[in-house]
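Student: Residue numbers (the numbering used here), protein chains in the order written: chain A, 1 to 480; chain B, 1001 to 1781. Glycine is no exception: its CB is placed at the ideal position from the N, C-alpha and C atoms. Keep in mind it's a predicted model, so treat the numbers as computed, not measured. The structure under discussion is supplied below as C-alpha cells; questions concerning it will follow.
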Ligand SMILES: Cc1cc2nc3c(=O)[nH]c(=O)nc-3n(C[C@H](O)[C@H](O)[C@H](O)COP(=O)(O)OP(=O)(O)OC[C@H]3O[C@@H](n4cnc5c(N)ncnc54)[C@H](O)[C@@H]3O)c2cc1C
Ligand code: FES
Ligand code: FES
C-alpha cells in the first residue's frame, strides 16, 4: 500500500488505479474541488498543490502540479491543498494578501497561485521579487496581468505570524518519518495496473529485469502526459525515488555524481556552484513545479531532441552510469542518443547516475536557450559551449545543440572550424557557416528551420561577444 | 412565516460599498480558499454521465463512413448521440445559420463534432470518443485569407464605409504609401475550459449549468435542439473561470450536446472539453490581413486612406459580420480621416469558426492604422508620436466626424496623451534611447506611445438592453440578480455597489445570485464591455422602484412629505424619526408593500444605417494611451518589455481596483496577442498549438517590471451612464499595441529609422529577427 498525509489525516491506499493523478484523486474521489484543472499537462499551474517531505529533520515544502503526479508518488509525503489553508473563518496570510491586493478576477487560477505562494512563504524567510517571479513562473493567469499577484506575494509577509502548519510541523514530521521507517512494500494496484516503489538499487534493478515492460516513473513530468494527453494506460509503473543511491548527489572531488532520481530543485545549487551559467538554464527549465518533480534521469531518459539538459551535459562532457541487473556500464551522454527517441539503453537497463566533471580552470562554459517565451517554454534552440582559449587561439572546444536535429547533438564541423583558429570575429563567420554541415533542423510551430539555423550561428556571435573583456551585456534579460 | 426576523440595529457608519470605492471582488474570499463553485465543481446527481465529442480529423471533406461500433462497445459507454438523434433544430448558428451541431455530410474544419458519447466516467468517455472508424472523401481546404479571398469565398457580404473621395485625396497628396500587414488570431485560453452540466426536468424540460457569457442564447438553442419551448429550459451561470468572448457563442454547442444526451438517456450529463480539444474545436480571435494606400503630407497629416480589412472567419458566419464591422469602426482609432474608403471582408476558410474575443475586431482595425502611422513616421522622418498628435480628432476645423458619421463629442485624447507624455518622460527617454542605440550594435531599445479610442455599445442595436431583479427580505437583506454574467471582470461587484448606493446599505447585505434565465429573461450577452453600463442601470432602476415604494409608504405612514424620507448609511430618516433599513422594510412588509422589483434599461441615442454606412453606433467612446519601452536582441530576436506607463479613461470609476485590474489584465492580454501568442496550423488544417505548452500566453515574468497605471482623474462620462462611469472591459486590450509599436521602433533603429520594418503580428522572436535581417539587407542594397 501507499501511505501519505492528506493535510493531517493519514491515508492508506492499496486498491486504486495507479494511473490516477493526484488531481483526479482530489476532485473525483474526494470531491475536493478547490484544486482546478486548467490544462492537465503541467503548463498552467491551476492544479498546484504543496507537498511537505521530511528532509534532515525538517519539513521541506514544495509546490507541484497535481495534474501530472501519479497518486503513488505521494507515498511518505504530506499533501496540502487550498482547502487546508483557511482556519475556520480566518484566511491564511497568503489568502488574505491575495484578497487585499485584488489578486483574483475570475478566480480560476487563484487556488494554484495561493499554493505556489504558500510554498514560497514556507521556504523563504523574506520575499524578493526575483525569486518570487521564479516561483510563480509556472502559474498562468489570463485575467490580472499578474501585477496584483506579485504585490500579494510581497505583502503576504506583513502578517509575520506562524500558521497552523508550523504548529503541527513536529507531529507531521514524526508521522512521515514513521512511514519512512516502515519497511512494508510500497505498491498500489487497481484496474489491472500496478505501481511499485523499491527501496534498494538491487531491488529496482531486478524488478526492471523481471518486468521489462514496466515504465520507470520518476517525476512523471513527461510520462504523465502520455496518460493525461495521450490517454494511454500504463500497466506497470516503477518508481525509483525511494532508492537512496538514486536520490543523492555525491561530490567525488573531480566530478558531481547526480543520482538519476534527484530533482532539479535538489541538485541545481550544487551544479550551479560549479557551472554558474547553468543557473539561467535551470531556472527556465519548465517551472518551479516541474523542477520540484522532474529529475535529471527523466530528462535524459526521455531522449527528447529538445530536452535542455542534454546539450549542456554533452558540452561539459558528462557520462551516464547505466545499470542492468548487476551489470553496470558508463556511456558518454553524447553517445547515449541514437536517433529520434532511440537510445543505447537496453531492455531492463536504466540510468543510475550522471557523472558531471567539474569545471576546468581556464575554460569558458556558456549555455543559451532561445524560446518564444522566457518562462516555462520549450527551446526552439538550445546551444551549449565549452571553450578553452590559449594565447588568443581556440585550444579546445565542445559545442552541442538541442532543437537542431532529431537528437541533442554535437556540432563537430563547427568545432573543427574553430579549433586552432584565433578567437576573433573573423573566425566566427566560418564557424557559423560550418553549422550547415552539422545540422538540418526542421520547421515546426516553435520555429522555422531557417530561424533555427540563423540563431544557432548567431549564438556563436553572442558567445564571442560575451567572452570579450569588459563587454556590455548582449542578453535582453540581463539588460535593465 | 409567523414572526419576523429580529434585526440588529447597526451603527450609522455610512454604507460600505458605494461606487467609487476600491472594493474587493465579491467572490475574492471564495476564490482564494477554493470555495468558489465553477461549472465542473457542482455536485452532480450520483448517476451523472460524462459526454465527450468525437472530432473530425480533416479540414474539409465528405463524411463517407462513421462506424461507431467500437465506441459503443468501449468500457463504460452508455449511449451515443448522432445527428439523427436530434429531435429539434440542428443548426446552432447564433445569428445566421452555418453551425451544424454535428457534422451532417460535409466536414468544414478539423475538430468538428461528428458524434458524442456518454459514459460513466470522464476518462472512459474520452477514450471511447477516439475509437470511431471514420472515412472521408477529402476535399481541398482553404486555410488562409488569401486562398479564401482569391475565390471570393465569404461567409457574409462585404461592407464599405466611405467619406469623400479617398482615391482623389490620395492621388493629390504630396506623399503616398502602400503596404499590408497581417495579424494572427488569438486563443482565449480562459483558464476554465468549456463545460456544461444538464439535468433533465419534468415536462421534458432541462436545467443547464454552463460556463457561458450568454445564458439566454444557451436557453434558446437548447430549447431549439430539443424542440421544446424556451420556457422549459433554465440556464444558470454563477461565474466563469474566464471567458474573454470565447464563451459568448462558443459555449452553446456543449450545453446543447449535453442537453440532447440528457434527454436521450434521462440522466444528468456533463460535458467538459479537455484543453487540447477545447483549443481545436472552439473559435478564436479573427486573424486579419489589411492592405492600405494612404496619402499624406510632409507634416504627417493624413489626406486620404484606402484600407481593405479582411478577417479570416473560419467556416461559418458566427459573429463575423459584427466583428469585421467593428474592425472598420476602429480603423480610424483616434485619428481624423478627411477622406476614407474602408472595406471589410468576411473571408471563409476551412478552419474553426472564429468568434468574439475582447475587442471584437476593434484591435485588428486599430493595429492596421497604427502600422500606417508608423509607416508615415518613417517616411516623413517625424517621431511617430508627433504624427499621431497631428492626426488626432479635435473640436476645431471640422476634424471631429468619424468616417461613419459619428461626431466626437468628448475630446479627451489630446489632453490624455499630453498628460501621459509628460508623466512618462517620453521625450527625454526618446533622446536617451537614440543615444543608446547608436552605441549598441546588438541590443536595441524602442519606445512607443499609442492611443486608444474605443466605441462603447453593441453595434447590433437591440442588444443594448438589460434587466435586473431585486428582492428585499424582511431582515433587510437583499438578493440581486441581473442578466449580466460574472467572468472575473467584477460585474457583480460593481452592480452590487450601485444597488448599495441607491439603497444606502452595506454591500455585505447584498447577495449576488447566479445569473439565471428564469429570473431575468431575454438577456443580452455579457459582452461589448457593456456589462456594467447596461446591468448597472437596470439594477439601479429596480432599486429605485423599491426605494420609491418605501418612500411613499413611509411618507404616508408617518405623515411626512416624501422629500423628508432620506436613505443614508443603512438607515432611513422619516421626518424626525429614524429607522434602520431593516426596520423600515419590516414595517413596509406588514403594510403589504411589495419588496421585489424588476428593472430595465435600454441605451439611448444609438443607431447605425448600414446601407448608408453612417450613424451613431456608439453611445460614447472610452479613451486610453500607453507608453511602452522594449529592448530587443538583434542576434536572436528575443526581447523584453522594460517599462509601461498607462493612462486610461474610465469616466468616474465605479470601482478603481476593479478598473485597474481590467486595464492591467487587458494590456497584458493585448501584449500577448501581439508578441508570443502564435497559433500555428499544419498544411492539413490541423491546429498544432493546442495546449499551454505550445501556445504561449504571457507569464508572470512578461509583466513589465516597471508598470505604472493611472486612471484618468476628474473625467466623468459626459453621457448619463451609471454614475457617469465608462466601460472598461475591452478598451485596455488595445493598449498592448504600444508594445508592438515599440518593438517595431527598436527594429527600425537597425537601419537608423530610414526604412520601415515589415512586422506582422504576433511579433515572435523569430519575426523580430526576420524583420531585423530584412532591414539590414534593404539598408545595404
Ligand atoms: C510543463 C512542462 C515544462 C517542461 N519544460 C521543460 C524544459 O523547459 N526543458 C526540458 O528539458 N524539459 C522540460 N520538460 C520535460 C520534463 O519535465 C523533463 O524532461 C524532466 O526532467 C523529466 O523528468 P521526470 O523525472 O519527470 O521524468 P519522467 O516523466 O518520470 O520520465 C520521463 C521518461 O524517462 C524515463 N526515465 C525516468 N527515469 C529514468 C531512468 N533513471 N533511467 C532511464 N529512463 C528513465 C521514463 O520511463 C520516461 O520514459 C517539461 C515538462 C513539462 C510538463
Ligand atoms: S492543470 Fe494546468 S498545470 Fe495542472
Ligand atoms: S484570475 Fe482569471 S485566470 Fe487568473
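Between 469/A, 172/A and 335/A, which has its C-alpha nearest residue 164/A's C-alpha?
Tutor: When C-alpha distances from residue 164/A are compared across 469/A, 172/A and 335/A, the shortest belongs to 172/A.
Student: What residues from chain A crowd round residue 1632/B, counting only those whose CB sits closer than 8 Å?
Tutor: Under the 8 Å cutoff, chain A gives 476.
Student: Apart from the five residues just before and just after residue 432/A, which ones in its own chain have a Cβ nearer than 7 Å to its Cβ?
Tutor: Listed in chain order, the non-local C-beta contacts of residue 432/A below 7 Å within the same chain comprise 457 and 460, local neighbours out to five positions each way being set aside.
Student: Taking 8 Å as the cut-off, does the CB of residue 289/A come closer than this to any heavy atom belonging to ligand 2?
Tutor: yes
Student: For residue 315/A, which option in 188/A, 388/A, 231/A and 144/A has the closest C-alpha, if you only look at C-alpha atoms?
Tutor: 388/A
Student: Figure out for me which residue from 1601/B, 1244/B and 1163/B has the closest Cα to the Cα of residue 1467/B.
Tutor: 1601/B
Student: If you draw a straight line from the C-alpha of residue 1158/B to the C-alpha of residue 1755/B, how long is it?
Tutor: 34 Å
Student: Is the beta carbon of residue 1401/B within less than 8 Å of some heavy atom of ligand 1?
Tutor: If you check the C-beta of residue 1401/B against ligand 1, you find no heavy atom less than 8 Å away.
Student: Between which two residues does the alpha helix (DSSP H) harbouring residue 1151/B extend?
Tutor: Run containing residue 1151/B: none; DSSP gives neither H nor E here.
Student: Which whole-angstrom value describes the C-beta separation of residue 143/A and residue 106/A, a residue pair presumed to lie in contact below a C-beta threshold of 8 Å?
Tutor: 5 Å
Student: Assuming residue 22/A and residue 118/A make a contact with CB atoms under 8 Å, what is their CB distance in whole Å?
Tutor: About 16 Å separates the two Cβ atoms, so there is no contact after all.
Student: Go through the residues and name those whose CB comes closer than 6 Å to any heavy atom of ligand 2, in chain order.
Tutor: 37/A, 38/A, 39/A, 40/A, 42/A, 43/A, 44/A, 45/A, 46/A, 47/A, 65/A and 67/A
Student: Using a threshold of 8 Å, is the CB atom of residue 297/A nearer than that to any non-hydrogen atom of ligand 1?
Tutor: yes
Student: Answer with yes or no whether the minimum CB distance from residue 1661/B to chain A is below 9 Å.
Tutor: At least one CB atom of chain A sits nearer than 9 Å to the CB of residue 1661/B.
Student: Does DSSP put residue 1045/B in a helix, a strand or coil?
Tutor: coil
Student: Residues of chain B with a CB under 9 Å from the CB of residue 534/A: which are they?
Tutor: As displayed, chain A neither begins before 1 nor continues past 480, which places residue 534/A out of reach and without an answer.
Student: Which chain B residues sit within Cβ distance under 7 Å of residue 111/A?
Tutor: 1034
Student: If we count the other Cβ atoms within 10 Å of its Cβ and call it buried at 16 or more, is residue 474/A buried or exposed?
Tutor: buried
Student: For residue 1247/B, name the three-state secondary structure that DSSP assigns.
Tutor: coil
Student: Taking C-alpha atoms, which residue in 1721/B, 1607/B, 1225/B and 1167/B lies nearest to residue 1653/B?
Tutor: 1721/B
Student: Is DSSP giving residue 461/A helix, strand or coil here?
Tutor: helix
Student: If you follow the beta strand (DSSP E) that residue 401/A is part of, which residue opens it and which one closes it?
Tutor: 393 to 402
Student: Tell me whether residue 378/A is buried or exposed, calling it buried when 16 or more other Cβ atoms sit within 10 Å of its Cβ.
Tutor: buried
Student: Helix, strand or coil: which one does DSSP assign to residue 1220/B?
Tutor: helix
Student: Residue 1707/B versus chain A: which residues are under 7 Å apart at the beta carbon?
Tutor: Those within 7 Å of residue 1707/B in chain A are 147.
Student: Out of curiosity, what's the CA-to-CA distance linking residue 1480/B and residue 1470/B?
Tutor: Going from the Cα of residue 1480/B to the Cα of residue 1470/B covers about 5 Å.
Student: Do the region 1614 to 1631 of chain B and the region 1405 to 1419 of chain B make contact, defined as three or more Cβ pairs closer than 8 Å?
Tutor: yes
Student: Compute the Euclidean distance between the alpha carbons of residue 1291/B and residue 1651/B, then round it to the nearest angstrom.
Tutor: So the alpha carbons of these two residues sit roughly 35 Å apart.
Student: Is it the case that the Cβ atoms of residue 1458/B and residue 1621/B are separated by a distance below 9 Å?
Tutor: no
Student: Note down, one range per segment and in chain order, each beta strand (DSSP E) of at least 3 residues found wholly within the region 1162 to 1235 of chain B.
Tutor: Segments of the beta strand (DSSP E) lying fully in the region 1162 to 1235 of chain B: 1175 to 1183, 1195 to 1200 and 1206 to 1210.
Student: Exposed or buried, which one is residue 18/A when buried takes at least 16 other CB atoms within 10 Å?
Tutor: buried
Student: Please classify residue 376/A as buried or exposed, where buried requires at least 16 other C-beta atoms within 10 Å of its C-beta.
Tutor: buried
Student: Measure from the C-beta of residue 102/A to each C-beta in chain B and report whether the shortest distance is under 9 Å.
Tutor: yes
Student: The alpha helix (DSSP H) that contains residue 335/A, what's its start and end?
Tutor: 333 to 336
Student: At a CB distance below 9 Å, what residues from the region 231 to 257 of chain A approach chain B? Give them in sequence order.
Tutor: 231 and 233
Student: For residue 1758/B, which residues in the same chain have their Cβ closer than 7 Å to its Cβ, ignoring the five residues on either side in sequence?
Tutor: 1771 and 1774
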